[in-house]
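Protein chains in written order, with my numbering: chain B, 1 to 167; chain Y, 1001 to 1167; chain D, 2001 to 2167; chain H, 3001 to 3167; chain A, 4001 to 4167; chain P, 5001 to 5167; chain C, 6001 to 6167; chain G, 7001 to 7167.
Ideal Cβ positions, reconstructed from N, Cα and C, are used throughout, including at glycine.
Encoded as structure tokens, the structure appears first; notes follow it.
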């Protein structure tokens, strides 16, 4: 049963949201995903959201660009935590989506990530599950350790090769 | 029977949207208005919008600040023309609302006005009705004429008084 | 007889405004279009605008980039509803045009679309005509239905293929 | 034992973060709070963060203005979910803090709220706890219901008084 | 006979444009001024502009806020040099007007000043006249000398009083 | 003897400023140009500027990107009219240069053009010379006439070919 | 003999730059200050800068608003380290000055502080002197220690009084 | 023994920070560099910073993009002067990093450079060392002289070839 749901407004968002799925796979967190538009399929969006908890979801990750109403609309129809990922669309480098998603009015929170930050959306979902799930917590800790080691490894390479890039 | 509906997300928007009502009154266009939030009362928002045409509405003016999802959500649930008025909220001088309302994805248009531009929202609604209603057109023409005369009158005063403000 | 007029300031705007014409064609709405600059051919712009209603036009869609005075100048010389489409020019991703078109002073409204949002310009024009034209309304409803189905279809494809893009 | 920790960089942030404490009180969620600067008391910040889970905390809400490194620094030293609240400081209406907090690199997520959005920070924390705590969930649902009713009540008042503000 | 014309779109611009008149008075440059709107009195704007050279004008200073089409429209109807002064209106600290006035397309130049920079508009007009008018040049040189002396005088005061402001 | 001087801070600005030289050539206005940096060759910049009038220059066009101090520094050392052209550099699409050049303090005006607007810089210089030089004025009028005709010609082509681009 | 020089373009900058003087006084670092404009008194600016090292200065702190050329001009005429403090002027909350000062071209560095960040300008100057002056370093360390203690003290007060502000 | 340390958060920053190393090499200033992340390897970052002075470092150059906490975190753990270089990441052309690095709170200064301005970071470091090191000062003066000559040389080439680029 999926624990995390990913929703995005258009198939053009698939490559930008893929990072979330990859992180969730790496952390062995079952997830489902759908393409569903706040403006073009509003009823299915509401239905998908309202049934989310019953399908087993604990966290929803919603990616949207430009006007980016999707995360807020989802958050209005569930009391699950909703993570919003602003996506770059055709202008402003994603600032339109960042402001639309972050500037929610008091009462309906959306956890906003960086522009195109779907990976961090997945990691935040994992941190949320890890509060009460020690297995997830262990996998997250291992993930962080690997991440640190990767930076250290890159530094070791850099110490050998320097700015020229050759060893 | 009202021909134009005004919807706004919060009672704090009343003074910013009042200009629309005043213009509509001046143009003798019957209108109704409601406070209804896309995020806090989403179901009533959808219901109000879906029944809009049957209540006689031809145009909807939706005012919203910050994340400003309301105009787009309304436009998603009706095929009436929707005019969005971005309102200044607590930051960014209304740029957040302007981008949220203007940057709608292809398929669901919202006619965006200036920040706090509720008067122009009403005037656009009147222009829309005036396409097929000669009475409205005459009243609009009269309104424009008065507007021009007002500028001319202010220039005449200025010619007398100059930059010092005294005649 | 054309019901909708498209005006744009430069032949470099043709590809950005083409989406409007395509939508209007799909909705079987007769339209005319012209290249006419507010700054370089100001007299022809005024003349085209003043005669618009007599040529049968009900709505004008004006596309412009950068300083983007065209939609406002058109709106100053007609009482038809004017839809402004801010176009990306050589800088600022269209923000200059968006602000120029949206921030109209009280009295002369322009219905601002998204940056490069010419398709929504056409759809808004159709919504306006659909108020009193049930044929247009039916075609619009069909268009919206297809749009929803397209999203649903893309979701069905996605459910098969997932983030990897392969079925 | 507190379940939620609030950390802020300066005593000037107290009034801006107070909304979080009020919401948590209303939802009967025990919380602790501290003033602790990422730049001026970096060691205490790290220590406070590292011991957070052992003190019983499940979620951390970090408020910061301007350069706003605090939420990211906290997120780097814990695997608890961290909610960042960008605060208005002396310039840019909080845009500096919003970008600093939202634009985290992949690997270390921070759940960004609106500028000065401390209330939503608390509500997101409650949603997170509500995943596995039905009592919190009930209180949240009650809170949302009241919120909707408040909007409805304001609409009822508005229907009586109209734009003039008088009944 | 006036040599410089000032045009502004609204009587609310008078205090912001007054600085231009004061500088022109100080430099003994005869000038005229009018309130005339590109959007609300477009015909009078064109007429005023077209007759400008015949009234003796050599330079036009046009102040406008928000959408700020006035300077460009004036520049489209004359071959006199046009100086545009972006004025702060109700949002964005004048950035809307600055972009509207500065981002003119190739072919129709407008000399853009700082936001609310009407004094510099007058000084630029004086520099333009000073090219061929030695009297104006002498008065400008005297003005610049006084300006430098004023800075020097303020520094001398500051040397006595220091940051505390007391001598 | 050159009547107009072009100054730019780097050889990388040559292609961006070339449009000014082309317009001046088309208008038969003799001009000189130099590469001279406000920051890297400050003394030569001052010397070039101070001797400008004696070399016969009536107007200076200064192009600069990023920090863009050059136009202001030039304006501080001459009483000739100075036209500043903000150039795109490595970030912000030229907004840094636009603000640096436009936001001059009262006392030292710079006539700011659009980002990369060197052609309009030349046209403004021509308008300035045309105040007292009827030959220049005639050539400018001819240039404007051609410009209008070009737009008309493009419209005629467009009428034949339509949005498809084929006749 | 002063070791640090403060230069600012206008007497209106005195209150914004006063913080630098206060920090330098607290750190017992002798300093001098002048009002001197890059645009209105350019020659004295250059002279003051060129003689800076001979007057004993090791670091220069230059405050400027709006177009903010002063720090770059100073840096062009000395090889001392120059610290630029962008000051809020009449628009854009200091963004114009921030971009003007930060976006220096390669070759002439300016150490940019926060908008109105004159205190940090003084502290950076002190850090620079502390590299080779152990007395300054000791005073800086003491200053930092007090700063940390102040944060700790404020936290202790807050622990007593909480968000209500009462103990 | 290195006198200057370069720290950057990711190996993707190497090409953007390389300019600093090249300038330091040209000025014969020994330096060390590391890849070390404020968020992913926070402990090593603090350790590297705390031992910096003992390793002989006098100045630290820290490059970071997006949220860009690294320079501030480094500055919090040392009293050496810290130079921050905002780097372009995946959005906003580096504005996020510029604001994060520049808008430091009073007490912990970071000397901010232009976006991607690593060369100027090195030159500022050299100016700082040159205060008390006449050898460095001589090399810096020679570097500046060459830089001026290069501009002069480019102007001489331009005088031969003109805007066409051919001699």
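Got a sec, what are the start and stop residues for the beta strand (DSSP E) residue i sits in?
| i | result |
| --- | --- |
| residue 6032 (chain C) | 6031-6035 |
| residue 6086 (chain C) | 6082-6087 |
For residue i, which beta-bridge partners are listed by DSSP?
| i | result |
| --- | --- |
| residue 7008 (chain G) | G:7035, G:7063 |
| residue 7112 (chain G) | C:6112, G:7084 |
Assuming residue i and residue j are in contact, meaning their beta carbons sit under 8 Å apart, how far apart are those beta carbons, in whole angstroms?
| i | j | result |
| --- | --- | --- |
| residue 2078 (chain D) | residue 2050 (chain D) | 7 Å |
| residue 24 (chain B) | residue 136 (chain B) | Their Cβ separation, rounded to whole angstroms, is 11 Å, which puts residue 24 (chain B) and residue 136 (chain B) out of contact at 8 Å. |
| residue 3083 (chain H) | residue 3121 (chain H) | 5 Å |
| residue 6035 (chain C) | residue 6071 (chain C) | Going by Cβ atoms, the distance from residue 6035 (chain C) to residue 6071 (chain C) rounds to 15 Å, so no, they are not a contact pair. |
| residue 57 (chain B) | residue 3127 (chain H) | Not really, about 12 Å apart at Cβ, beyond 8 Å. |
| residue 1115 (chain Y) | residue 4097 (chain A) | Incorrect: roughly 13 Å between the Cβ atoms, too far for contact. |
| residue 1073 (chain Y) | residue 73 (chain B) | 7 Å |
| residue 109 (chain B) | residue 3124 (chain H) | 4 Å |
| residue 6031 (chain C) | residue 6006 (chain C) | 6 Å |
| residue 4111 (chain A) | residue 5111 (chain P) | 3 Å |
Tell me the residue span of the alpha helix (DSSP H) that contains residue i.
| i | result |
| --- | --- |
| residue 7157 (chain G) | 7134-7161 |
| residue 3025 (chain H) | 3014-3026 |
| residue 6128 (chain C) | 6118-6130 |
| residue 6045 (chain C) | 6042-6050 |
| residue 3071 (chain H) | 3070-3076 |
| residue 3057 (chain H) | No alpha helix (DSSP H) contains residue 3057 (chain H), which DSSP labels as neither H nor E. |
| residue 6097 (chain C) | 6095-6102 |
Beta-carbon separation of residue i and residue j under 9 Å?
| i | j | result |
| --- | --- | --- |
| residue 3099 (chain H) | residue 7067 (chain G) | yes |
| residue 7118 (chain G) | residue 151 (chain B) | no |
| residue 4001 (chain A) | residue 4061 (chain A) | no |
| residue 3086 (chain H) | residue 3065 (chain H) | yes |
| residue 3013 (chain H) | residue 3063 (chain H) | yes |
| residue 210 (chain B) | residue 3104 (chain H) | The requested residue 210 (chain B) does not occur in the structure, where chain B is confined to residues 1 to 167. |
| residue 1982 (chain D) | residue 93 (chain B) | The displayed coordinates of chain D run from 2001 to 2167. Any statement about residue 1982 (chain D) would go beyond what the structure contains. |
| residue 3069 (chain H) | residue 3039 (chain H) | yes |
| residue 4052 (chain A) | residue 4033 (chain A) | no |
| residue 4131 (chain A) | residue 5129 (chain P) | yes |
Next item on the list: For the region 4114-4125 of chain A, enumerate the residues whose C-beta is nearer than 8 Å to any C-beta of chain C, in chain order.
Entry: For the region 4114-4125 of chain A, the set of positions with a beta-carbon nearer than 8 Å to some beta-carbon of chain C reads 4114, 4115, 4116 in chain order.
Checklist line | Short-range partners of chain B found in the region 1009-1043 of chain Y, where Cβ spacing is below 8 Å | finding: Result list: 1009, 1010, 1037, 1038, 1039, 1040, 1042.
Margin query: Tell me which residues of the region 6128-6153 of chain C have at least one Cβ-Cβ distance to chain H shorter than 7 Å, keeping chain order.
Written below: Across the region 6128-6153 of chain C, CB contacts with chain H closer than 7 Å involve 6147, 6148, 6151, 6152, in sequence order along the chain.
Item checked: Contact residues within the region 4092-4116 of chain A, judged by C-beta distance below 8 Å to chain C -> Per Cβ criterion, the list reads 4093, 4094, 4095, 4114, 4115, 4116.
Notebook entry, point to check: If contact means a Cβ-Cβ distance below 8 Å, which residues of the region 7062-7087 of chain G contact chain B?
Noted result: So the list reads 7066, 7067, given in the order they occur along the chain.
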